[in-house]
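*Asks:*
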Amino acid sequence: YTAADMTAHLNEQGANLSVDATTSAWNALLLDLPHERIELLRKLKKRYRLYMLSNTNYVHIAEIWRRLETKYGTNPIIDVFDKLYLSYEIGHIKPERDIYAHLLADAQIQAHETLFFDDLPANLKGAESLGIHTQLVTKEMGIIELLAE
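As structure tokens, this is what we get:
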């Protein structure tokens, strides 16, 4: 969805919002990407192929890119991942089996050689259904802590 689409839908439900107001509210949901995670990804990139699979939309991804470029002067996500797989571009979302199958086929990687991290158990089940190894990321055990073990 675009910001205009979301605004139109909300206004049909009785809201009286501008596109800017909808965009601001929607983007307030976004979290920061800590420098430590960027550094971890850069280290991993030296040894592994990295792919990002995200349930996202154009409004969020445009804001994320803007924030990263403001913070880092560049977009480190583009630099560290071999390819980004974004649900709004693919037409499938996690945990649908098809989104994982698309990634495996497009990246030409084998499920049994792939490790997928996510913070939602349902998304892990979708990946596991294709034989992908998975790891749950939690507030208590984030990706930095998991990979330090």
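Numbering (the working numbering), first residue to last: -14 to 134. Where is the CB? At the ideal position from N, CA and C, for every residue including glycine.
#1: Could you check what DSSP says for T99 in three-state terms: helix, strand or coil?
#2: What do you reckon, are the CB atoms on K68 and G111 nearer than 8 Å?
#3: Got a sec? Which residues, its chain only, sit under 7 Å from R27 by beta carbon, not counting five neighbours each side?
#4: Assuming the contact rule is C-beta atoms closer than 8 Å, A96 and L115 should be a hit. Round their C-beta distance to whole Å, please.
#5: Counting only runs of 4+ residues fully inside the region 50 to 95, write out the alpha helix (DSSP H) ranges in chain order.
#6: L121 lies in the beta strand (DSSP E); which residues open and close that run?
#7: Sorted by chain position, which residues of the same chain lie with C-beta nearer than 6 Å to D103's C-beta, five sequence neighbours on each side aside?
#8: Any idea if P19 is buried or exposed, counting beta-carbon neighbours within 10 angstroms, 16 or more meaning buried?
#9: With a threshold of 16 other CB atoms inside 10 Å of the CB of L131, please say whether the residue is buried or exposed.
#10: Below 8 Å on the Cβ atoms is my guess for T41 versus S72; work out the distance and round it to an integer in Å.
#11: List the residues that DSSP assigns as beta-bridge partners of S39.
#12: What does a CB cutoff of less than 8 Å around T123 pick up in its chain, not counting 5 residues either side in sequence?
#13: Leaving out five residues on either side along the sequence, give the residues of the same chain with a beta carbon under 8 Å from the beta carbon of L53.
*Replies:* Checking against the coordinates, here is how it stands:
#1: coil
#2: no
#3: V65
#4: 5 Å
#5: 61 to 65, 72 to 75, 82 to 92
#6: 118 to 121
#7: L109
#8: exposed
#9: exposed
#10: 6 Å
#11: L71
#12: D104
#13: L18, T59, N60, P61, I62
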